[in-house]
Every structure is written in C-alpha cells, then in structure tokens.
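**Q** The numbering of the sequence shown is full-length UniProt numbering, which starts it at 1 and goes up by one.
Quick reminder that beta carbons are idealized off the backbone N, C-alpha and C, glycines included.
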Amino acid sequence: MGAYLSVPITEKESDEGESALYKYGVAAMQGWRSEMEDAHAVCLNIDESTPTGFFAVFDGHGGKEVARFCALYMARELVTTAAYKEADLDAALKQVFLKMDELLGEERWRDELRQLAGSDKPAGDEEEQGMMGGQMPEVLQQALRLANSRRQAKDAEWDEDEADMHLTLPGNLLEELQNATASSDDEDEAPSGEESGSSNSDALPLSESPGAAARISKRKRIRSSEASSEQAPEEDGRAGPSALKPSDSGDLEDSSDDSEPGPQEAAQSLGRWSSEQQSYVGPSAGCTAVVALVRGTQLLVANAGDSRCVMSRGGTAVAMTHDHKPTDTEEHDRIIKAGGFITEGRVNGSLNLSRALGDMDYKQRRDISPHEQMVTAFPEVRSLELEAGDEFLLLACDGIWDVMTNQEAVDFVGQRLRSGMAPRKVWGPLM
1 MGAYLSVPIT EKESDEGESA LYKYGVAAMQ GWRSEMEDAH AVCLNIDEST
51 PTGFFAVFDG HGGKEVARFC ALYMARELVT TAAYKEADLD AALKQVFLKM
101 DELLGEERWR DELRQLAGSD KPAGDEEEQG MMGGQMPEVL QQALRLANSR
151 RQAKDAEWDE DEADMHLTLP GNLLEELQNA TASSDDEDEA PSGEESGSSN
201 SDALPLSESP GAAARISKRK RIRSSEASSE QAPEEDGRAG PSALKPSDSG
251 DLEDSSDDSE PGPQEAAQSL GRWSSEQQSY VGPSAGCTAV VALVRGTQLL
301 VANAGDSRCV MSRGGTAVAM THDHKPTDTE EHDRIIKAGG FITEGRVNGS
351 LNLSRALGDM DYKQRRDISP HEQMVTAFPE VRSLELEAGD EFLLLACDGI
401 WDVMTNQEAV DFVGQRLRSG MAPRKVWGPL M
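(1) For the alpha helix (DSSP H) holding residue 329, just list the boundary residues, first then last.
(2) Helix, strand or coil, according to DSSP, for residue 280 in the structure here?
(3) Any contact between the segment 379-390 and the segment 303-316? By contact I mean 3 or more CB pairs, one from each, below 8 Å.
(4) Do you know whose CA, among 364, 319, 308, lies nearest residue 390's CA?
(5) I'd like to know whether the C-beta atoms of residue 61 and residue 285 end up nearer to each other than 9 Å.
(6) Assign residue 64 to one of three DSSP states: helix, strand, or coil.
(7) Taking residue 40 as the reference, give the member of 52, 406, 67 with the closest Cα.
(8) In this structure, what does DSSP give as the bridge partners for residue 389?
(9) Look at residue 338 and residue 368 and say whether their C-beta atoms are less than 9 Å apart.
(10) Report the CB separation of residue 78 from residue 96 in whole angstroms; it is logged as a contact under 8 Å.
(11) Among residues of its own chain, excluding the 5 on either side of residue 45, which ones have a beta-carbon nearer than 7 Å to its beta-carbon?
(12) Where do the N-terminal and C-terminal ends of the alpha helix (DSSP H) with residue 90 fall, by residue?
(13) Name the DSSP beta bridge partners of residue 298, please?
(14) Based on the DSSP output, what are the partners of residue 396 in its beta bridges?
(15) When DSSP labels each residue in this structure, what does residue 69 get in the three-state scheme?
(16) Express the C-alpha separation of residue 340 and residue 425 in angstroms, rounding to a whole number.
(17) Go ahead and pull the three-state DSSP assignment for residue 303.
(18) Output yes or no for whether 9 Å exceeds the beta carbon distance between residue 56 and residue 290.
(19) How many angstroms separate the CA atom of residue 417 from the CA atom of residue 366?
(20) Could you tell me the boundaries of the beta strand (DSSP E) in which residue 53 lies?
(21) Can you round the beta-carbon distance between residue 299 and residue 384 to whole angstroms, since I take them to be within the 8 Å contact cut?
(22) Quick one: grab the DSSP three-state call for residue 23.
(23) Output needed for residue 16: all residues of its chain with C-beta closer than 8 Å, excluding positions within five of it in sequence on either side, in chain order.
(24) Considering Cα atoms alone, identify which of 102, 316, 106 is closest to residue 413.
(25) Tell me which same chain residues have a C-beta within less than 6 Å of the C-beta of residue 343, skipping the five on either side of it?
(26) Between residue 325 and residue 279, which are expected to be in contact by the criterion C-beta below 8 Å, what is the C-beta distance as a whole number of angstroms?
(27) Figure out for me which residue from 345, 401, 118 has the closest Cα to the Cα of residue 308.
(28) Based on the DSSP output, what are the partners of residue 318 in its beta bridges?
(29) Between the alpha carbons of residue 332 and residue 49, how many angstroms are there, rounded?
(30) Express the C-alpha separation of residue 364 and residue 217 in angstroms, rounding to a whole number.
(31) Anyone know if the C-beta pair for residue 64 and residue 36 falls short of 9 Å?
(32) When you compare the CB positions of residue 89 and residue 82, do they come within less than 9 Å of one another, or not?
(33) On a CA-only basis, which of 310, 335, 59, 415 is nearest residue 362? Give me that one, please.
(34) For a test of the three-state rule: what should DSSP assign to residue 85, helix, strand or coil?
(35) Go to residue 38, then tell me how far its beta strand (DSSP E) extends in each direction, as first and last residue.
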C-alpha cells in the first residue's frame with residue numbers, strides 16, 4: 001500500500017440488477033490509488049427457503065486479496081453457520097466475520113490469496129506513473145486537508161440515528177477467481193467443503209469495486225518501514241502485533257509488526273511469517289466489511305471498520321453502522337489491553353482502523369479470544385424492522401463519507417432516484 005498515481009483514474013465501473021423483491025445499483029472508481037483494493041458482493045437471494053438479500057462492501061488496505069476473498073466467499077460461508085441454520089441472523093453475521101479470519105489464516109488458502117493479490121496488468125506492463133510511498137500530488141494533499149477538516153466538523157454533529165449504505169459490483173472478479181482457483185491443488189477445498197473455484201455465479205454474483213469515490217482519504221495502513229521509529233514500551237515481552245494469534249470466538253451484546261524489518265519481512269511477498277515458528281499465519285493485508293441482510297421486514301447490518309450503511313426512512317438518514325476507530329474508548333481500551341499502543345490515531349502507528357478482516361499480524365495473541373485482539377474482525381450488528389416509507393439503503397467506503405454526511409448522501413441519492421435516474425448512474429456525479 002502507499003502508491004499514488006500522478007493522475008487519477010476516473011473511469012467508473014457500474015452495474016445494476018433487480019429481482020421481485022430488490023433493485024440495486026453499484027458504482028466504483030479507482031481514483032488516485034495505484035490499484036483497486038476494494039470489492040463488493042450482491043446476492044439477491046442466498047436462501048431458497050426464505051428469501052434473503054445479501055449486500056456487502058469491502059474496503060481493502062495493504063493489498064486487494066482480503067477484500068476479494070471476502071467478496072467471493074462470505075455469502076456462501078454465511079449460510080453454513082450454525083446460527084444461520086437456526087434463523088439467528090444476528091449471531092450468524094458475527095460468526096461469519098470471524099470465520100473469514102479463520103479461513104484467511106489457513107495455509108491451504110495461501111496460494112489463492114497470492115493469486116488474488118496479483119496485478120490486474122500482465123507482468124512487465126506497468127506504467128511509470130505511480131509514486132510508491134512518495135509525496136502525494138499537491139492537488140491530492142489539498143483535497144485531503146479539505147476532507148479532513150470537513151469530516152472533523154461533521155463528526156462533532158454525529159447522530160447515532162443516521163445511516164448509510166451503497167453497493168457495487170462490476171463483473172470480472174468471479175471469472176478471475178474461478179480461473180485462479182482452478183489452477184490450485186485438487187486437494188484444496190472451498191470453505192464450505194466444496195471444491196475450490198466451484199462457486200455458483202447465478203447464486204452469488206460477485207465483483208470487484210474500484211472504490212465508491214475518488215480515494216482522497218488517509219491511507220488505512222502505513223507500512224512498518226514508513227511508520228515512526230518511536231517504539232512503544234514493551235509489556236510482558238510484547239511490543240506490537242507480532243505477539244498475536246487468533247483464538248476462541250467471543251460474543252458481544254448490542255444488536256504489524258512495527259519492529260525493524262528483517263530477512264523474513266524482506267523475503268515475504270504475501271502474508272506474515274512468525275519468526276519463532278516459521279509458520280504461515282495469514283495475510284498482512286486487510287479490509288473493512290459492511291454487510292446488509294434483508295429478510296422480509298428484517299434489516300440487519302454488520303460492520304467492522306469505517307465503511308458505512310445508511311437507510312433512507314422517508315428521506316431521513318438512519319445510521320446502521322458506527323465507524324470503528326482506535327481512538328474510540330471501547331476500541332482504545334481493547335488495543336491497550338491486548339498489548340498495543342496508539343500513535344496519531346493509528347494502531348501501533350500503522351493501522352487507522354480498530355476492526356478489520358485480515359491484518360493477521362495484529363491478531364496473534366494465543367491467550368485471548370478473537371474479539372479481544374488488538375484489531376478484531378468481530379462486527380457490530382444493528383437491526384431494524386422495515387416499515388412503510390423506508391426507501392433505500394446506501395453502502396459505501398469511507399471515501400464517500402469523507403466528503404458527505406449521512407444526510408447529504410441520502411439527499412443526493414434520493415433526489416436522483418426520484419427523478420428517474422437509473423440506480424447505476426446515481427453516484428457518477430459525486431465521483
């Protein structure tokens with residue numbers, strides 16, 4: 001991560017679709033980033049017995065492999081959870097978020113993650129237009145300063161009753177992943193016990209998202225070599241994420257290693273290796289995740305990170321998510337208790353999120369559960385009973401929320417939908 005283009009890629013990808021129950025539109029743009037790290041998934045029905053819509057956005061950081069992996073497998077894994085089979089959707093969402101982290105840490109998925117991390121361009125076809133870890137263009141710096149000042153002002157007015165959501169899904173990811181998994185070992189199994197790459201494209205239309213807006217927000221993660229050389233005091237022999245590892249699942253009410261890089265880090269191309277065990281623990285890349293389930297009049301939204309879901313109720317924004325930042329009291333206390341520290345709003349001076357899927361080097365404490373780790377995939381789940389006057393959901397990465405409040409986004413989308421604009425074109429003017 002950390003590469004910016006000298007000129008933003010403003011080409012937009014969009015799609016839309018509908019069933020008897022739902023209509024959706026998706027739009028995405030890469031912007032200033034050297035590659036698209038975001039992904040999304042839409043399945044208008046994941047359950048033949050009880051119609052259930054699945055909508056998700058994954059904002060990647062440090063690489064695109066985790067976001068792509070989650071877009072490919074999360075919906076399929078959701079329906080296999082024990083809680084889902086018992087019709088407990090709240091618990092099922094919590095279980096599947098943790099399940100994705102478990103899969104990411106399994107050696108058998110390493111080759112597929114490596115494939116998903118590959119460049120979109122053929123080898124040797126890269127253009128000399130990126131700036132790896134270099135100075136951002138002045139216009140980007142100005143936009144970032146404006147977005148930050150705007151967001152700080154809006155955060156002071158945050159209303160827990162506001163909400164946002166938007167979906168995206170162009171169609172090249174599934175084919176690419178099927179080709180990638182077809183080349184893996186025959187012994188590799190899909191998470192639910194199926195063969196790798198055997199996903200049903202009719203049941204799970206999935207795709208990659210170049211981001212819900214020009215990505216002028218701060219980098220989610222700073223590489224250890226870029227972080228401040230200042231180190232936190234060691235506690236119990238631990239100083240950073242290198243001491244962590246996933247453990248038992250936890251429950252929750254209310255519905256980097258920053259050391260100097262050594263030979264191991266220099267040699268790795270994907271994932272974090274334990275210097276003590278020489279064993280694979282999963283990718284160092286990660287992603288936020290916001291997932292909306294709609295079943296009848298039930299709406300449930302699970303969130304880990306700072307992507308958001310918002311509903312328009314009679315034109316009023318209803319927040320279905322809360323941004324998870326290291327400086328939040330609950331998040332701060334968990335990070336410190338797990339042996340981490342916070343510098344300039346970043347976990348161990350690197351990650352500016354306190355909840356995310358992947359980022360396995362922050363999750364290596366063997367003596368605590370997954371939801372107690374320095375960075376956790378455990379989601380916050382909110383539910384709502386739908387009623388007359390509920391118009392639409394918006395799911396979007398933080399790039400949208402850096403420049404718009406929840407209510408501004410609802411007004412923006414609502415006005416265009418009421419004018420008859422196609423769902424896929426709604427976000428175009430904003431991007």
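**A** This is what the structure gives:
(1) The count along the sequence shown starts at 1 and reaches residue 329 at position 329. Counting along the chain, the alpha helix (DSSP H) containing residue 329 begins and ends at 329-337.
(2) The residue labelled residue 280 in the question sits at position 280 within the sequence shown. If DSSP states are grouped into helix, strand and coil, residue 280 belongs with the strands.
(3) A contact exists between the segment 379-390 and the segment 303-316.
(4) For the purposes of this step, residue 390 is taken as the residue at position 390 of the sequence shown. Here the closest residue by C-alpha is 319.
(5) Along the sequence shown, one-based indexing puts residue 61 at 61. Along the sequence shown, one-based indexing puts residue 285 at 285. Contact: yes.
(6) Residue numbering aside, residue 64 sits at position 64 when the sequence shown is read from its first letter. Residue state, collapsed to three classes: coil.
(7) Sequence index remark: in the sequence shown, residue 40 carries index 40 (1-based). Residue 40 has its Cα closest to that of 67, out of 52, 406, 67.
(8) Mapped onto the sequence shown, residue 389 falls at position 389. Residue 389 is not bridged to any residue.
(9) On the sequence shown, residue 338 is found 338 positions in, with the first residue counted as 1. On the sequence shown, residue 368 is found 368 positions in, with the first residue counted as 1. Contact flag set, yes.
(10) Numbered from its first residue, the sequence shown carries residue 78 at position 78. Numbered from its first residue, the sequence shown carries residue 96 at position 96. Indeed, because the Cβ distance is near 4 Å, the residues count as touching under 8 Å.
(11) Here residue 45 corresponds to residue number 45 of the sequence shown, with the count starting at 1. Around residue 45: 19, 51, 52, 53.
(12) In the sequence shown, counting from the first residue as 1, residue 90 sits at position 90. Segment 89-104, the alpha helix (DSSP H) holding residue 90.
(13) Within the sequence shown, residue 298 is the residue found at index 298, counting from 1. For residue 298, which the question treats as bridged, DSSP gives the partners 295, 385.
(14) Reading the sequence shown from its first residue, position 396 is the one you call residue 396. DSSP, once it has assigned bridges, lists 308 as partnering residue 396.
(15) In the sequence shown, residue 69 corresponds to position 69, counting from 1. Helix at residue 69.
(16) In the sequence shown, residue 425 corresponds to position 425, counting from 1. In the sequence shown, residue 340 corresponds to position 340, counting from 1. If I take the Cα positions, the gap works out to 43 Å.
(17) In the sequence shown, residue 303 corresponds to position 303, counting from 1. In the structure shown, residue 303 sits in a strand (DSSP, three-state: E or B).
(18) As a position in the sequence shown, residue 56 is number 56, starting the count at 1. As a position in the sequence shown, residue 290 is number 290, starting the count at 1. Going by C-beta atoms, residue 56 is nearer than 9 Å to residue 290.
(19) Taking the first residue of the sequence shown as 1, we reach residue 417 at position 417. Taking the first residue of the sequence shown as 1, we reach residue 366 at position 366. Approximately 50 Å, taken between the alpha carbons.
(20) Position 53 of the sequence shown, counting from 1, holds the residue named residue 53. Residue 53 -> beta strand (DSSP E) spans 53-58.
(21) Stepping through the sequence shown from its first residue, residue 299 is reached at position 299. Stepping through the sequence shown from its first residue, residue 384 is reached at position 384. Indeed they touch by this definition, with Cβ atoms about 5 Å apart.
(22) Walking along the sequence shown from the start, residue 23 turns up at place 23. Note: residue 23 maps to strand in three-state DSSP.
(23) Your numbering for residue 16 matches position 16 in the sequence shown. Excluding the 5 residues flanking it on each side, residue 16 has same chain C-beta neighbours closer than 8 Å at 23, 24, 25, 26, 422, 423, 424, in chain order.
(24) Here residue 413 is taken as the residue at index 413 of the sequence shown, counted from 1. The shortest C-alpha separation from residue 413 is found at 316.
(25) Within the sequence shown, numbered from 1, the residue matching residue 343 stands at position 343. Excluding residues within five positions, the ones whose Cβ falls inside 6 Å are 349.
(26) Position 325 of the sequence shown, counted from the first residue, corresponds to residue 325. Position 279 of the sequence shown, counted from the first residue, corresponds to residue 279. Not really, about 32 Å apart at Cβ, beyond 8 Å.
(27) Translated into positions along the sequence shown, residue 308 becomes position 308. Here the closest residue by C-alpha is 401.
(28) Numbered from 1 along the sequence shown, position 318 holds the residue referred to as residue 318. The beta-bridge partner set that DSSP reports for residue 318 consists of 311.
(29) Stepping through the sequence shown from its first residue, residue 332 is reached at position 332. Stepping through the sequence shown from its first residue, residue 49 is reached at position 49. Looking at the two C-alpha atoms, the distance is approximately 42 Å.
(30) Translated into the one-based positions of the sequence shown, residue 217 becomes position 217. Translated into the one-based positions of the sequence shown, residue 364 becomes position 364. Per-residue confidence for residue 217 stands at a pLDDT of 36, beneath the threshold of 50, marking its modelled position as unreliable; no derived number is given.
(31) By one-based count along the sequence shown, residue 64 stands at place 64. By one-based count along the sequence shown, residue 36 stands at place 36. In this structure, residue 36 lies closer than 9 Å to residue 64 by Cβ.
(32) Position 89 of the sequence shown, counted from the start, is the residue given in the question as residue 89. Position 82 of the sequence shown, counted from the start, is the residue given in the question as residue 82. It is not a contact, given that the beta carbons lie outside the stated cut-off.
(33) Taking the first residue of the sequence shown as position 1, residue 362 is located at position 362. It is 335.
(34) Taking the sequence shown and counting its residues from 1, the one referred to as residue 85 is at position 85. Helix at residue 85.
(35) Along the sequence shown, one-based indexing puts residue 38 at 38. That run of the beta strand (DSSP E) goes 38-43.
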